[in-house]
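The block underneath contains the structure these notes are about, expressed in structure tokens.
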Amino acid sequence: MRKAFSNIISKVAEDEKVIFITGDLGFNAFENIQESMKDRFINTGVAEQNMIGVAAGLAHKGYKVFCYSIAPFITYRCLEQIRIDVCFHKLPVFIVGNGGGYGYGIMGATHHSIEDIACMSSMPGMTCYVPSFVEEVETSVLKILESGAPAYLRLGLGKKSLIKQTKPESVNTVSSSPEAKITILALGPVINNVIAAIENAGYKDKVNLFSAVKLPFENLNAAFLQSVTNTKKLLVVEEHIARGGIAEHLALSLMNNNIHLNKFKSLHALGYPNGLYGDQNYHQTQSGIDPGNIQKIIKEWLTMSNPDAEHRGIH
Amino acid sequence: MIDQSIYSLQGNLRLQLIEMYHSANAGHIGCSLSCIDLMIGSLIHHKKEEDSFILSKGHAAASLYVCLNHTGEISNEELNTFYKNGTKLPAHPAANKFSGIPFALGSLGHGFPIAAGIAKANKLKKNTAYSYVLMSDGETNEGTTWEAAHFSVMHKLDNLIVLIDKNGLQGFGNTKDILGDTASEEKWQTLGFEVLSINGHDLEQIINGIDKLKKSKNSKPKVIIGNTVKGKGVSFMENEMKWHYLPLDPRLYQQAINDIKKQYSA
């Protein structure tokens, strides 16, 4: 996704009001925009808190400022600068974190960000964008610029989308079938694990799959609400801890919408349950957000009895 | 030539501050009395419309409020709401209320990076405006000070004027006993700042000092180290840490008023 991000930044940077700040990262990715943006490309060094304060000052004078670093460094390290300097003043400062979730794999826990959505989505007036597919990086950046409001863009290792139209909405339809028995909502590129699980087992017709791209949730997609109402079985998959993740966000939305479920499960990052480290796939597997475990749960749910039928004593 | 009428502000604004704090039964009096002269010299005397002024030591908000009252942005009526429920004037400056208060401040170490960002924007736009930021010496403990300082030097922000209210006292002790002197002339000089160390209560030194720094287009960011006295102007408050926190009882209030009237012929 970093390449797609660099490409769209080089396009939008034609606007003289756009500034790009990096916290000393971008080797082999941002050389081109550094050259084309000239003095509007700023490397503020290994000093993230100052980076956000400077960005707020620039935005106050009319600039639209992208701030880039590895996801944990640009969120946790400068959360207070984001809250006060940027969000309190609704400034166009756009926080871009690369390698969301376990994206930095064997680099270790310092480089992972599995609490970032909880932090960032709770900031006043902040909108979080978590593209699932490479194509959504461009649409998210354009939407962020159009909004001109504080935003957090979490980038990961995305693949190309299987669908024609991807949109950075709260919830987007990825695939659907009239025979679906289960609704699945996934956040970010981990959706590729869900797609793999569905395809490996040949469950495409049994599942309605949706991606969550924009948080906090607003106006949930009608097709999604319909699917949840029809299937009454909802599986949520995210590379983020349960606290403050999309399952919690969604539970509140569904309760507010008076929608009841027979089955609800949240698959999420569990941190480091065995205290050991590995690549992104290793951590996904430890947390049960790998294709194998997702497939197992879908299979269990598809083979379980219909709860309504159970109630009537019919099997 | 300095307009002589500005000297009367030293006493008048102090009286106003004491009134405000007394009727609000609030603390932070010593901090406001310590930096009010630096604010008169920078915010009231020097600041032009296109310039920006940020009070990074947000706990001296009352000083900012009386200065903006003097410049006409905050009305007397508004000023009377200080500290009261429903006010736009809480103990630390709030966001989005007055154009003279462009940022909410109160958590230390935020103002300097913001002011550096504003100065950088002015440079990019080839705008000749100045960016002022007022910090406390205790505040320079914050790591962002050193991040922003290096940034300002690297980006040659000679349109940035940092004012340090150096009263030698901080939250729970003497600055020299806590982290040492993070507002020392040598440190800032070594970093690459143009440094001016002055008496932070002497308006002539403050005004002329800023004048001198503004004329100095040498690509170096500027810092004025204002050597000050916490609680300046009220005898029993001077150099006393407790007046960072305490409100005034009626007896001390009267004494404070008398002290200021005597010292400043206000």
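These protein sequence lines are chains U and F, in that order.
Residue numbers for the first sequence, in my numbering: 25 to 339.
Residue numbers for the second sequence, in my numbering: 16 to 281.
For glycine and all other residues, C-beta sits at the position ideal for the given N, C-alpha and C.
Chain F within 8 Å of Ile-322 of chain U, Cβ atoms only = In the first sequence, counting from the first residue as 1, residue 322 of chain U sits at position 298. Answer no: the Cβ-Cβ gap between Ile-322 of chain U and chain F never drops below 8 Å.
Which whole-angstrom value describes the C-beta separation of Lys-229 of chain F and Tyr-145 of chain F, a residue pair presumed to lie in contact below a C-beta threshold of 8 Å?
-> The residue you call residue 229 of chain F lines up with position 214 of the second sequence. The residue you call residue 145 of chain F lines up with position 130 of the second sequence. Confirmed, Cβ separation roughly 7 Å.
Thr-99 of chain U at chain F interface by Cβ criterion, 8 Å = The count along the first sequence starts at 1 and reaches residue 99 of chain U at position 75. Chain F contact via Cβ: absent.
In chain order, what residues of the region 87-114 of chain F put their CB closer than 9 Å to some CB of chain U?
-> Under the 9 Å Cβ criterion, the region 87-114 of chain F contributes Ala-109, Ala-110, Asn-111.
Can you grab the Cα-Cα spacing for the pair Gln-31 of chain F / Lys-247 of chain F, in whole Å?
-> Reading the second sequence from its first residue, position 16 is the one you call residue 31 of chain F. Reading the second sequence from its first residue, position 232 is the one you call residue 247 of chain F. Distance between the alpha carbons of Gln-31 of chain F and Lys-247 of chain F: 14 Å.
Can you say whether Ala-246 of chain U is buried or exposed, counting buried as having 16 or more other CB atoms within 10 angstroms of its CB?
-> Taking the first sequence and counting its residues from 1, one reaches residue 246 of chain U at position 222. Taking all protein chains shown into account, Ala-246 of chain U has fewer than 16 neighbouring C-beta atoms within 10 Å of its C-beta and is therefore exposed.
Taking the Cβ atom as the reference point for each residue, do Lys-256 of chain U and Asn-286 of chain U lie within a distance shorter than 8 Å?
-> As a first step, residue 256 of chain U must be located in the first sequence, where it is residue number 232. As a first step, residue 286 of chain U must be located in the first sequence, where it is residue number 262. Their beta carbons are under 8 Å apart, which means Lys-256 of chain U touches Asn-286 of chain U by this criterion.
Reduced DSSP secondary structure (H/G/I, E/B, other) of Gly-337 of chain U | Numbered from its first residue, the first sequence carries residue 337 of chain U at position 313. At Gly-337 of chain U the pLDDT is 42, less than 50, meaning the model places this residue with poor confidence; the figure from the coordinates comes in the next sentence. If DSSP states are grouped into helix, strand and coil, Gly-337 of chain U belongs with coil.
Could you name the residues of chain U that Ile-3 of chain F contacts, counting a contact when the two beta carbons are closer than 7 Å?
-> Residue 3 of chain F cannot be examined here, being either before or after the span of chain F that is shown, 16 to 281.
What residues match up with Gly-121 of chain U in a beta bridge as DSSP calls it?
-> In the first sequence, counting from the first residue as 1, residue 121 of chain U sits at position 97. In the DSSP output, where bridge partners are listed per residue, Gly-121 of chain U has U:Ser-93, U:Arg-178.
Compare the C-beta of Leu-261 of chain F against all C-beta atoms of chain U and say whether one is closer than 8 Å.
-> Reading the second sequence from its first residue, position 246 is the one you call residue 261 of chain F. It does not; no Cβ of chain U falls within 8 Å.
Of all Cβ atoms in chain U, is any one closer than 8 Å to the Cβ of Thr-155 of chain F?
-> As a first step, residue 155 of chain F must be located in the second sequence, where it is residue number 140. Residue contact with chain U for Thr-155 of chain F: absent (no Cβ-Cβ distance below 8 Å to any residue of chain U).
Residue-chain proximity (Lys-135 of chain F, chain U), Cβ-Cβ < 8 Å = Against the second sequence, residue 135 of chain F aligns to sequence position 120. By this cut-off, Lys-135 of chain F is an interface position.
Figure out for me which residue from F:Val-148, F:Glu-88, F:Glu-209 has the closest Cα to the Cα of Asp-173 of chain F.
-> In the second sequence, residue 173 of chain F corresponds to position 158, counting from 1. Cα-wise, what sits closest to Asp-173 of chain F is F:Glu-209.
Leu-24 of chain F: which of F:Ser-78, F:Gly-224, F:Lys-140, F:Val-244 sits nearest, CA to CA?
-> Within the second sequence, residue 24 of chain F is the residue found at index 9, counting from 1. Considering only alpha carbons, the answer is F:Ser-78.
Please classify Phe-112 of chain U: does DSSP put it in a helix, a strand, or coil?
-> For the purposes of this step, residue 112 of chain U is identified with residue 88 of the first sequence, where counting begins at 1. Looking at Phe-112 of chain U - three-state DSSP - the assignment turns out to be helix.
Got a sec? Which residues, its chain only, sit under 6 Å from Leu-58 of chain F by beta carbon, not counting five neighbours each side?
-> Numbered from 1 along the second sequence, position 43 holds the residue referred to as residue 58 of chain F. Cβ neighbours of Leu-58 of chain F beyond the five flanking positions: Phe-68, Cys-82.
For Glu-262 of chain U, which beta-bridge partners are listed by DSSP?
-> For the purposes of this step, residue 262 of chain U is identified with residue 238 of the first sequence, where counting begins at 1. Bridge partners of Glu-262 of chain U: U:Leu-211.
CA-to-CA distance, Val-252 of chain U to Ser-71 of chain F, given in whole angstroms | Here residue 71 of chain F refers to the residue found at position 56 of the second sequence. Here residue 252 of chain U refers to the residue found at position 228 of the first sequence. Looking at the two C-alpha atoms, the distance is approximately 50 Å.
Check the Cβ of Glu-112 of chain U against every Cβ in chain F and list those closer than 7 Å, keeping chain order.
-> Against the first sequence, residue 112 of chain U aligns to sequence position 88. Before going on, a small fix: residue 112 of chain U reads as Phe here, not Glu. By Cβ distance, chain F contributes Ala-110, Ala-119.
Can you pull the DSSP bridge partners for Ala-236 of chain U?
-> Here residue 236 of chain U is taken as the residue at index 212 of the first sequence, counted from 1. Per DSSP, U:Val-195, U:Leu-211.
Taking C-beta pairs closer than 8 Å, name the residues in chain F that Leu-49 of chain U reaches, listed in chain order.
-> Along the first sequence, read from residue 1 onward, the residue named residue 49 of chain U stands at position 25. Result: empty, since nearest Cβ-Cβ is about 16 Å, beyond 8 Å.
If you draw a straight line from the alpha carbon of Ser-146 of chain U to that of Leu-274 of chain U, how long is it in whole angstroms?
-> Stepping through the first sequence from its first residue, residue 146 of chain U is reached at position 122. Stepping through the first sequence from its first residue, residue 274 of chain U is reached at position 250. Going from the Cα of Ser-146 of chain U to the Cα of Leu-274 of chain U covers about 14 Å.
Just the Cα atoms here: how many angstroms apart are Glu-334 of chain U and Leu-259 of chain U?
-> Locating residue 334 of chain U in the first sequence gives position 310, where the first residue counts as 1. Locating residue 259 of chain U in the first sequence gives position 235, where the first residue counts as 1. With a pLDDT of only 45 at Glu-334 of chain U, under the threshold of 50, the placement of this residue in the model should not be trusted; the figure read from the coordinates follows. Rounded to whole angstroms, Glu-334 of chain U to Leu-259 of chain U spans 21 Å at the Cα level.
Would you say Ser-122 of chain F reaches chain U, if we count a Cβ-Cβ gap shorter than 8 Å as a contact?
-> Within the second sequence, residue 122 of chain F is the residue found at index 107, counting from 1. True, the Cβ-Cβ gap to chain U drops below 8 Å.
What is the DSSP secondary structure of Asp-180 of chain F, counted as helix, strand or coil?
-> Mapped onto the second sequence, residue 180 of chain F falls at position 165. Correct three-state label for Asp-180 of chain F: strand.
Cβ separation of Ile-14 of chain F and Ile-213 of chain F, assumed to be a contact under 8 Å, to the nearest whole Å | Lying before the first or after the last residue shown, residue 14 of chain F is absent from chain F, which here runs from 16 to 281.
Determine the burial state of Gly-14 of chain F: buried for a count of at least 16 other Cβ atoms within 10 Å of its Cβ, exposed for fewer.
-> Since the displayed chain F opens at 16 and closes at 281, residue 14 of chain F lies outside it and no answer follows.
Which class does His-208 of chain F belong to by DSSP, given the choice of helix, strand or coil?
-> Position 193 of the second sequence, counted from the start, is the residue given in the question as residue 208 of chain F. One detail in the question is off: residue 208 of chain F reads as Phe in this sequence, not His. If DSSP states are grouped into helix, strand and coil, Phe-208 of chain F belongs with coil.
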